[in-house]
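To start, the structure itself, in structure tokens.
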Amino acid sequence: MKSFFKRSAVIAALCVTAFSLTSAVHADPPASAEVHVAVSRQTVTEGETVTFSFYINSESEDGLEIESGRLALAYSDALDTLFSPDDTEITWADGVTFDSETELFTVSPARVFTPSDALLVYGLTVKDDALADGETSAVFTLSVGGGSYLVSGGEEIPVTASGAELTVLPAEKTVSATVNLIGNLLSTDNLTAKITDGEHEYPLVFGEIAEGKVTAVLDDLTQIEAGSYKLTVSGDGYIAYESGAFDPADGFRAVIDTLYPGDLNADGRIDFLDFHALCVYINGGEYAKTADLNGDGGMTQDDADCFTAGYLAKGAAQNE
Ligand SMILES: [Ca+2]
Ligand SMILES: [Ca+2]
60 MKSFFKRSAV IAALCVTAFS LTSAVHADPP ASAEVHVAVS RQTVTEGETV
110 TFSFYINSES EDGLEIESGR LALAYSDALD TLFSPDDTEI TWADGVTFDS
160 ETELFTVSPA RVFTPSDALL VYGLTVKDDA LADGETSAVF TLSVGGGSYL
210 VSGGEEIPVT ASGAELTVLP AEKTVSATVN LIGNLLSTDN LTAKITDGEH
260 EYPLVFGEIA EGKVTAVLDD LTQIEAGSYK LTVSGDGYIA YESGAFDPAD
310 GFRAVIDTLY PGDLNADGRI DFLDFHALCV YINGGEYAKT ADLNGDGGMT
360 QDDADCFTAG YLAKGAAQNE
């Protein structure tokens, strides 16, 4: 069994000085606002990067106009232990300036934030040796602490906040699939990666495609029911990959060179029947994911190129 613990929380004030701008035209700013924090992944392993994004909730669908403010970040004391300070990236929304001298941010010109506009994105990279020997996980929490406020319509609006929690795992405990892509895939919308023991099923989350490869990671390893699992990566129009059996508690990393595009009729082969089907689609058929091999939302010559890459990689041997 894994053991888990939480470290005590300490408050770190990012900013202290009160500040207000000349009042902008704004009808009835709310008495308080809420900042919610979203984490890009619930589980991260040593050496990987994760982001915490801060959003302003508003009672109005039209959002809330912000002129300035301060956010006091509250985080567990694991910050310095788990994360590499040199790799921390703080990205404010467009038009926002953070003054490290006064420790305030200003929004110039004042602008409206809706609950889907991130005010601040905090990028953290986990140290390669973040966990001590024998340590199986650590939980890190980031939220907005007391004393935070926003200025809207010339008024200071106190901020209440929800936080986001992140579980850090040793690198060797990752379940991930790195796919060396065959053909020029432009999105992973059409791909599925998951582990299953026949009874339970857990999806992996794809990252960005870069340099001809993409990695999918099991997002919350802590919730997996014990069992013997297989990893599969599949997609409409693709010959799927399936791994051998493994125990997720031990971690599992697959490097996949055999996710072949081009099997439109899903018979496990890539041949002229598939190519004929693809040509029919490209020449005016209704959109079908199975023919959109490169995942760009259309059916074009690019999909034929993708098919060719899959056919060549799979090889003529399949037909013998
Ligand atoms: Ca086929
Ligand atoms: Ca396409």
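The numbering used here puts the sequence shown at residues 60 to 379. Don't be surprised by glycine CBs; every beta carbon is placed ideally from N, CA and C.
- Three or more beta-carbon pairs separated by less than 8 Å link the stretch 196 to 216 to the stretch 115 to 135, which places the two stretches in contact.
- A residue is called buried when at least 16 other Cβ atoms come within 10 angstroms of its Cβ; V210 meets this threshold and is buried.
- In terms of Cβ geometry, T291 and E284 do not form a close pair [threshold 9 Å].
- It is roughly 47 Å from the alpha-carbon of N116 to the alpha-carbon of N342.
- For E224, DSSP records a beta bridge to T200.
- Under DSSP, K348 shares a beta bridge with no residue.
- A straight line joining the alpha-carbon of L179 with that of F113 spans about 5 Å.
- Per DSSP, the beta-bridge partners of L179 are F113 and W151.
- According to the DSSP secondary-structure assignment, I241 is paired through a beta bridge with no residue.
- Per DSSP, the continuous beta strand (DSSP E) segment holding T104 begins and ends at T102 to T104.
- In this structure G122 touches F172 by the C-beta definition: roughly 5 Å separates them, less than 8 Å.
- Screening all residues for a C-beta within a distance smaller than 6 Å of any heavy atom in ligand 2 leaves D351, N353, D355, G357, M358, T359, D361 and D362, in chain order.
- About 19 Å separates the beta carbon of A304 from that of A275, a gap too long to meet the 8 Å contact definition.
- Taking 8 Å as the cut-off, one finds no heavy atom of ligand 1 near enough to the beta carbon of G242.
- Judged by DSSP secondary structure, A269 falls outside any alpha helix (DSSP H); it is assigned neither H nor E.
- Any heavy atom of ligand 1 counts here; residues with a Cβ closer than 7 Å to one of them, in chain order, are D322, L323, N324, A325, D326, G327, R328, I329, D330, L332 and D333.
- Here the stretch 180 to 191 lies against the stretch 137 to 149, with 3 or more beta-carbon pairs under 8 Å apart.
- Distance from the CA of G354 to the CA of E93, rounded to the nearest whole angstrom, comes to 38 Å.
- Within the DSSP secondary-structure output, R170 pairs in a beta bridge with I125.
- A contact between stretches requires three or more CB pairs, one per stretch, nearer than 8 Å, and the stretch 227 to 242 meets this requirement with the stretch 303 to 321.
- Separation of G257 and G357 (C-alpha to C-alpha, rounded to the nearest whole angstrom) is 34 Å.
- G182 places its beta carbon 9 Å or farther from that of T255.
- For K373, no beta strand (DSSP E) segment is defined; the enclosing uninterrupted segment is the alpha helix (DSSP H) at Q360 to K373.
- In this structure, L263 places its C-beta atom within 9 Å of the C-beta atom of D278.
- The three-state secondary structure of K186, taken from DSSP, is coil.
- Counting along the chain, the unbroken beta strand (DSSP E) around Y208 starts and ends at Y208 to S211.
- Residue range F331 to I341 is occupied by the alpha helix (DSSP H) that includes H335.
- Pairing G271 with L332, the inter-Cα distance amounts to about 27 Å.
- For E160, the three-state secondary structure derived from DSSP is coil.
- One thing to note: I329 has its Cβ no nearer than 9 Å to the Cβ of K289.
- Around G206, the same chain offers A131 as residues with beta carbons nearer than 6 Å, after the five sequence neighbours per side are excluded.
- Shown here for S293: same chain residues with a beta carbon closer than 6 Å to its own, the five before and five after excluded, namely T251 and A299 in chain order.
- Looking only at E126, A325 and T102, the smallest Cα-Cα distance to E214 is reached by E126.
- At the C-beta level, A169 and E105 stay beyond 9 Å of one another.
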